Structures are given as structure tokens and as C-alpha cells.
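Q:
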Amino acid sequence: MRIVPFIWMLLVLLTAGNAFGDNTRCQRSTEGKEFWFGFMEGRNDNGNVHYIEITVTAREATHFKRKIQSGFLNN
Numbered sequence: 022m023r024i025v026p027f028i029w030m031l032l033v034l035l036t037a038g039n040a041f042g043d044n045t046r047c048q049r050s051t052e053g054k055e056f057w058f059g060f061m062e063g064r065n066d067n068g069n070v071h072y073i074e075i076t077v078t079a080r081e082a083t084h085f086k087r088k089i090q091s092g093f094l095n096n
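In this note's numbering, each residue's number is its place in the sequence shown (first place is 1) plus 21.
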């Protein structure tokens, strides 16, 4: 009778991959959507230069706008 729990546990482990596997039907595409993001207040680091780099990628040609609140540098 010890083999029955072993077989049951083996079946559970073998089928768990389907329940927790990588299911692409559960992933939503973010292509073609509008994105908003912001950066928190900068810090003073004894004169060292800090910069922010934003990389925009797309499968097709794309256009984007960068809006900066008035009163801030726009380089």
C-alpha cells in the first residue's frame, strides 16, 4: 500500500507543470498602448553629472512625445 501514495504524488508533480507553466494566453500585449512614467526628485551628488536615458523601441516606425513640466530643463 505504500506505492499508492508514491504514484499519487508522482502524478501530482507531473501535472503541476501544466498548472504553473508559462501560458502565453495569460499575457497581455502592451503594443500600441499609451505609456506614462515619471522620475522621482533628483539628488545632489557633489557635482557629479547625472542623466536619464529613455529608450523607445518598436517593431514599426514610431513617434513619441517627451513632455517636461515648465520650470525644468529640457535638453
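For glycine and all other residues, C-beta sits at the position ideal for the given N, C-alpha and C. Since the structure is predicted, the reported quantities are computational estimates derived from the model, not experimental observations.
(1) Quick one: what does DSSP say threonine 76 is sitting in, helix, strand or coil?
(2) Within its chain, find whatever has a CB closer than 7 Å to the CB of phenylalanine 85; leave out the 5 residues flanking it on each side and keep chain order.
(3) Quick check: the Cα distance between isoleucine 28 and threonine 36, rounded to an integer number of angstroms?
A: From the atom records:
(1) Counting from 1 along the sequence shown, the entry for residue 76 is found at position 55. In this structure, threonine 76 counts as coil in the three-state DSSP scheme.
(2) Locating residue 85 in the sequence shown gives position 64, counting from the first residue. For phenylalanine 85, where only same-chain residues beyond five positions count, the Cβ hits under 7 Å are Val77.
(3) By one-based count along the sequence shown, residue 28 stands at place 7. By one-based count along the sequence shown, residue 36 stands at place 15. Going by the C-alpha atoms only, they are around 12 Å apart.
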